[in-house]
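> Structure incoming, see below.
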Amino acid sequence: MKHTNVYLTPLTADDREQFIVDNQWAFKHGALIEFGERDNHLDEDEEIISRKTIEHCLDKEGSEAYRIMLDGRKVGGVILQINNETYHNELEILFVLPDEHSKGIGYGAWQAVEALHPETEVWKTCTPYFDKRNIHFYVNKCGFHIHEFWCEYFKPDYDIPDEMSDEEGPDEMFRFIKVMKKGI
Numbered sequence: 147m148k149h150t151n152v153y154l155t156p157l158t159a160d161d162r163e164q165f166i167v168d169n170q171w172a173f174k175h176g177a178l179i180e181f182g183e184r185d186n187h188l189d190e191d192e193e194i195i196s197r198k199t200i201e202h203c204l205d206k207e208g209s210e211a212y213r214i215m216l217d218g219r220k221v222g223g224v225i226l227q228i229n230n231e232t233y234h235n236e237l238e239i240l241f242v243l244p245d246e247h248s249k250g251i252g253y254g255a256w257q258a259v260e261a262l263h264p265e266t267e268v269w270k271t272c273t274p275y276f277d278k279r280n281i282h283f284y285v286n287k288c289g290f291h292i293h294e295f296w297c298e299y300f301k302p303d304y305d306i307p308d309e310m311s312d313e314e315g316p317d318e319m320f321r322f323i324k325v326m327k328k329g330i
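In my numbering, the protein residues as written are 147 to 330.
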């Protein structure tokens, strides 16, 4: 059964550590499915997404973090970067715990995000090249379009964000956009 009756609650300080651990597990699970134990995408702490990256996303000015809830249970999380001047917003992180996959929770969470910020003109996000599940989700479910493919051949004409420094990326990532308002 598909659950779309998910809702978002603001992340609390006392849940921050578990949010980070849950986030790392969700990303690591996807890599382990794709690559198994031979994965060379893990950092020195055996993580796909570092604590430093998650904390940076949580602590940036304009960040909003939420727990994805279903039936009173924490089943994932979202970190947004909101720009109230341009209305070009970022979905920094969206994760659903692996045991909760394929139940419509991610899509329900995305619908809740869009409802939270109806003023958004453009949403941006990215995901690793190997995560076919995420690529399918963003393109086929949520209506994003592939905008860029970050790889060794890609030379952006803009500065790469600090959290995507050389040590963490952008290493073969898809960058997606979703235009919300006509005329953009």
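Virtual Cβ for every residue (Gly too), placed ideally from N, Cα, C.
Based on the DSSP secondary-structure assignment, which residues constitute the bridge partners of Ser209?
In the DSSP output, where bridge partners are listed per residue, Ser209 has Gln227.
> If you follow the alpha helix (DSSP H) that Glu260 is in, where does it begin and where does it stop?
Here the alpha helix (DSSP H) through Glu260 covers 251-262.
> For Ser196 and chain C, any beta-carbon pair shorter than 8 Å?
Here chain C cannot be found, since the structure has a single protein chain.
> Could you round the C-beta distance between Ile200 and Gly222 to whole angstroms and report it? I think they count as a contact, below 8 Å.
Not a contact, Cβ separation roughly 13 Å.
> Return helix, strand or coil for His247, following the three-state DSSP convention.
Reduced to three states, the DSSP call for His247 is coil.
> Under DSSP, the beta strand (DSSP E) around Ile292 begins and ends at which residues?
From DSSP, the beta strand (DSSP E) with Ile292 extends over 291-296.
> How many Å lie between His202 and Glu238 at the Cα?
Answer to the nearest angstrom: the Cα atoms are 10 Å apart.
> For Glu298 and Val224, I'd like the C-alpha separation in whole angstroms.
Using only the alpha carbons, I get a separation of about 29 Å.
> Excluding the 5 residues flanking Asn169 on each side, which residues of the same chain have their C-beta closer than 7 Å to its C-beta?
Cβ within range, chain order: Ile195, Ile200, Gly223, Ile239, Phe241.
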